[in-house]
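Undergrad:
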Amino acid sequence: MLFKTVNELTILNLPYPRMESKLNSEESHNTTIMEFALVGFSDIPNLQWILFGIFFVIYLIILLGNSIIILITRIDSTLQNPMYFFLGNFSFLEICYVTTTVPRMLRDIWTQKGNISFLACAAQTCFVFIFGGAECLLLTAMAYDRYVAICNPLNYPLVMNHKVCIQLVAGSWISGIPVEIGQMWQIFSLSFCGSNRINNFFCDIPQILKLTCGETLVNQMVVYIFTVLFLMVPFLLIVASYGKIISNILKLSSAKGRAKAFSTCSSHLTVVVLFYGTAAINYLQPKSNKSERLGKLLSLFYTVLTPVMNPVIYTLRNKDVFMALKKLLPNY
């Protein structure tokens with residue numbers, strides 16, 4: 074006679090192996106998962122050390138590049154305005170955001186193990202979405218700043234005063250915290266059974282929901298609602314802001330003025346397209362059309378590649394930041 078659950082074996086005082094994780098769904102329908110296994114890039118074993126080197130260098134570039142932006146926006150007198158106040162905060166946010174995923178990914182590649190405890194997985198997911206939501210809102214605040222600067226320049230110092238800037242940044246950081254904590258509590262309170270394999274390099278909600286027992290339609294709808302709230306609504310506000318901005322730029326009589334205005338906005342718009350585009354495809358794509366390999370690639374874009382491109386975009390495409398960087402590095 075075959076007993077399938079630990080409880081049945083315990084009642085009959087039969088020995089059973091200690092297991093923290095149940096990998097075989099056929100043998101663990103009624104058991105509780107205590108840890109998850111992040112698949113990461115283990116499906117390409119021949120490239121493990123190459124990938125480790127690439128991601129390690131990328132992480133260092135993110136830390137160094139964004140730290141330099143934070144430094145120059147703090148010490149350079151020409152960058153003491155709302156636009157660069159937001160940029161410095163955005164760079165700090167990027168460092169926090171990428172640190173929730175890349176160090177764990179590097180550790181998994183190095184050890185060739187992807188085990189992550191239940192609580193660590195929940196914490197990582199929560200921080201990824203808190204920082205991701207803050208990034209969406211901060212990008213919206215930056216778009217509003219550009220809108221006021223270009224469409225209402227005479228009132229810009231009054232509208233975007235230091236108090237307002239602090240309120241916008243604080244709101245961006247804080248607004249999503251209670252929402253995301255509540256969402257994580259709801260998801261990780263579900264019953265998990267069967268396979269514990271997450272086909273990604275970090276704990277992401279779409280893959281986690283696949284491991285739950287029973288119907289998850291309500292939870293999936295909640296994910297969609299919060300995605301629309303923190304991703305699509307800010308994106309539409311940014312699009313509306315830039316619609317007004319472009320309309321005003323085209324009305325400028327000076328070609329030099331138009332070029333300068335476009336140059337000021339193009340860096341921010343590039344980051345917006347990269348971040349929102351990949352994140353929206355990953356979270357709003359119908360479940361039936363989702364490819365796990367594509368989802369992993371898209372996750373890589375908005376969690377790793379966008380943060381590494383942020384300092385490059387803002388230093389190469391922004392003349393003021395580039396000049397401040399040259400002053401910081403006199404032998405450059």
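Quick note on the numbering used here: the sequence shown kicks off at 74 and runs consecutively.
Each residue gets a CB set at the ideal place from its N, CA and C atoms; glycine is no exception.
As the structure is a computational prediction, the values presented were derived from the model and not from experiment.
#1: Alpha helix (DSSP H) containing Leu282: first to last residue?
#2: I'd like the list of long-range same chain contacts for Ala195, defined as Cβ closer than 7 Å, with 5 residues on each side in sequence excluded.
#3: State buried or exposed for Lys369, treating a residue as buried only when at least 16 other CB atoms are found within 10 Å of its CB.
#4: For the beta strand (DSSP E) containing Phe109, list its first residue and its last residue.
#5: Between Ser190 and the rest of its own chain, which residues show a CB-CB distance below 6 Å, the 5 nearest in sequence each way excluded?
#6: In this structure, does DSSP put Asn188 in helix, strand or coil?
#7: What do you get for Trp122, buried or exposed, if any count of 16 or more other CB atoms within 10 angstroms of its CB means buried?
#8: Check for me: the alpha helix (DSSP H) holding Thr172 runs from which residue to which?
#9: Below 8 Å on the Cβ atoms is my guess for Leu136 versus Ile145; work out the distance and round it to an integer in Å.
#10: Under the rule that 16 or more other beta-carbon atoms within 10 Å means buried, what is Trp183, buried or exposed?
#11: Contact between the segment 346-356 and the segment 321-329: three or more CB pairs below 8 Å?
#12: With Tyr132 as the anchor, note down where its alpha helix (DSSP H) starts and where it stops.
#13: Leaving aside the five residues before and after Phe202 along the sequence, list all residues of the same chain whose C-beta is less than 6 Å from its C-beta, in chain order.
#14: Given 8 Å as the limit, is there contact between the segment 286-303 and the segment 211-219, that is, 3 or more CB pairs closer than that?
#15: For Asn292 and Leu166, I'd like the C-alpha separation in whole angstroms.
#16: To the nearest angstrom, how far is it from the Cα of Pro279 to the Cα of Ile106?
#17: When the Cα atoms are used, what is the spatial distance from Leu192 to Phe114?
#18: Does the distance from the CB of Ile311 to the CB of Val345 come in under 7 Å?
#19: Helix, strand or coil: how does DSSP classify Phe114 here?
#20: Compare the C-alpha of Pro380 against each of His341, Leu227, Lys392, Leu401 and name the closest.
#21: What are the start and end residues of the alpha helix (DSSP H) that includes Ser245?
#22: Asn228 to Gly161, Cα distance in whole Å?
#23: Whole angstroms is fine: what's the gap from Val130's alpha carbon to Leu231's?
#24: Sorted by chain position, which residues of the same chain lie with C-beta nearer than 6 Å to Asp149's C-beta, five sequence neighbours on each side aside?
#25: Our contact map puts Cys286 next to Phe265 with C-beta atoms below 8 Å; I'd like the distance itself, whole angstroms only.
TA: The answer reads as follows:
#1: Stepping through the sequence shown from its first residue, residue 282 is reached at position 209. Residues 278-282.
#2: Taking the first residue of the sequence shown as position 1, residue 195 is located at position 122. Closer than 7 Å at Cβ, skipping near neighbours: Met257, Phe261.
#3: Sequence index remark: in the sequence shown, residue 369 carries index 296 (1-based). Buried, since its Cβ has 16 or more Cβ neighbours within 10 Å.
#4: Within the sequence shown, numbered from 1, the residue matching residue 109 stands at position 36. Taken as a continuous stretch (DSSP letters only), the beta strand (DSSP E) holding Phe109 covers 108-111.
#5: For the purposes of this step, residue 190 is taken as residue 117 along the sequence shown, with counting starting at 1. Cβ within range, chain order: Glu108.
#6: Locating residue 188 in the sequence shown gives position 115, counting from the first residue. Asn188 falls in the strand class under three-state DSSP.
#7: As a first step, residue 122 must be located in the sequence shown, where it is residue number 49. Around the beta carbon of Trp122, fewer than 16 other beta carbons sit within 10 angstroms, so the residue counts as exposed.
#8: Along the sequence shown, read from residue 1 onward, the residue named residue 172 stands at position 99. 155-172 is the span of the alpha helix (DSSP H), which, as asked, contains Thr172.
#9: Here residue 136 is taken as the residue at index 63 of the sequence shown, counted from 1. Here residue 145 is taken as the residue at index 72 of the sequence shown, counted from 1. That belief does not hold up - the Cβ atoms of Leu136 and Ile145 are roughly 15 Å apart, past 8 Å.
#10: Here residue 183 refers to the residue found at position 110 of the sequence shown. Trp183 should be labelled exposed.
#11: Look at the beta carbons and you see the segment 346-356 not touching the segment 321-329: under three pairs across the two are nearer than 8 Å.
#12: Within the sequence shown, the letter at position 59 stands for residue 132. Note, Tyr132: alpha helix (DSSP H), 121-148.
#13: Taking the first residue of the sequence shown as position 1, residue 202 is located at position 129. These residues qualify, in order along the chain: Glu253.
#14: no
#15: Your numbering for residue 292 matches position 219 in the sequence shown. Your numbering for residue 166 matches position 93 in the sequence shown. Their backbone Cα atoms lie some 28 Å apart in a straight line.
#16: Working through the sequence shown from its first residue, we reach residue 279 at position 206. Working through the sequence shown from its first residue, we reach residue 106 at position 33. Near 17 Å, if we compare the C-alpha coordinates of Ile106 and Pro279.
#17: What you label residue 192 is simply residue 119 of the sequence shown in a count that begins at 1. What you label residue 114 is simply residue 41 of the sequence shown in a count that begins at 1. Going by the C-alpha atoms only, they are around 22 Å apart.
#18: Taking the first residue of the sequence shown as 1, we reach residue 311 at position 238. Taking the first residue of the sequence shown as 1, we reach residue 345 at position 272. In contact: Ile311 and Val345 (Cβ atoms closer than 7 Å).
#19: Against the sequence shown, residue 114 aligns to sequence position 41. Coil.
#20: Position 307 of the sequence shown, counted from the first residue, corresponds to residue 380. Cα-wise, what sits closest to Pro380 is His341.
#21: Residue 245 sits at position 172 when you count from the first residue of the sequence shown. Residues 235-247.
#22: As a first step, residue 228 must be located in the sequence shown, where it is residue number 155. As a first step, residue 161 must be located in the sequence shown, where it is residue number 88. Between Asn228 and Gly161, the C-alpha separation is close to 23 Å.
#23: Position 57 of the sequence shown, counting from 1, holds the residue named residue 130. Position 158 of the sequence shown, counting from 1, holds the residue named residue 231. Looking at the two C-alpha atoms, the distance is approximately 43 Å.
#24: Within the sequence shown, residue 149 is the residue found at index 76, counting from 1. Once the five neighbours on either side are set aside, the close Cβ partners of Asp149 are Ala397.
#25: For the purposes of this step, residue 286 is taken as the residue at position 213 of the sequence shown. For the purposes of this step, residue 265 is taken as the residue at position 192 of the sequence shown. That belief holds up - the Cβ atoms of Cys286 and Phe265 are roughly 7 Å apart, short of 8 Å.
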